[in-house]
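Residue numbers (the working numbering): 1 to 158. Built from N, CA and C at the ideal position, the CB exists for glycine as well.
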């Protein structure tokens with residue numbers, strides 16, 4: 001049996017559970033990701049730190065569309081995530097890695113912590129953040145841990 005790919009989710013892959021469309025992520029892509037999870041090819045993980053980034057985005061998108069956001073919508077979305085992904089917390093090495101990125105000039109501490117968790121736990125970080133990946137390449141740091149869904153699909157198909 002092939003090794004299960006462990007993947008930490010960035011916000012772009014969680015926002016669709018709130019009904020927020022991501023232009024680079026189609027419904028077919030979401031279905032493929034779910035099929036990979038359901039067939040145990042991929043195990044998804046999330047960190048509680050992501051709520052700091054997601055909740056303001058959700059409020060902004062709902063306001064922009066004139067929609068009413070309420071606790072029930074949020075509860076259902078969070079429960080859905082908790083059923084399909086496992087909670088993971090940053091350990092000491094992840095925090096140090098995040099600090100190092102900050103000291104090197106990358107200011108997004110959420111991304112820094114997610115990257116740190118991925119490195120610490122040996123996960124891949126599923127993210128569409130091209131700036132973070134380019135930053136890591138420029139600094140000659142592990143950038144191969146970051147991939148988007150298309151790169152994940154290509155790995156699975158090999």
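Below-8 Å beta-carbon distance, residue i vs any chain D residue
i, result
"residue 45", "Of the protein chains in this structure there is only one, and it is not chain D."
Inter-residue CB distance, residue i and residue j (contact presumed, cutoff 8 Å)
i, j, result
"residue 99", "residue 7", "Contact doesn't hold; Cβ gap of about 24 Å is too wide."
"residue 58", "residue 69", "7 Å"
Terminal residues of the beta strand (DSSP E) in which residue i lies
i, result
"residue 9", "5-9"
"residue 152", "Taken as a continuous stretch (DSSP letters only), residue 152 belongs to no beta strand (DSSP E), being part of the alpha helix (DSSP H) at 149-157."
Endpoints, alpha helix (DSSP H) assigned at residue i
i, result
"residue 112", "109-121"
"residue 136", "130-138"
Own chain partners of residue i with C-beta closer than 8 Å, once the 5 adjacent residues on each side are dropped
i, result
"residue 34", "84"
"residue 54", "11, 14, 15 and 18"
"residue 40", "4"
Cutoff 6 Å; reference residue i; Cβ partners in own chain excluding five residues on either side
i, result
"residue 80", "17"
"residue 143", "133, 136 and 137"
Bridge-paired residues (DSSP) for residue i
i, result
"residue 30", "DSSP lists no partner for residue 30."
"residue 126", "9 and 147"
"residue 20", "Answer is none; residue 20 lacks a bridge partner."
"residue 25", "22"
Neighbourhood of residue i by C-beta, 7 Å cutoff - its chain only, sequence neighbours within 5 removed
i, result
"residue 96", "none"
The ligand ATP heavy atom lying under 7 Å from the CB of residue i
i, result
"residue 40", "Ligands displayed in this structure: none; no statement on the ligand ATP is therefore possible."
Give the list of continuous alpha helix (DSSP H) stretches no shorter than 4 residues that lie fully inside the region 37-117. 51-64, 71-84 and 92-104
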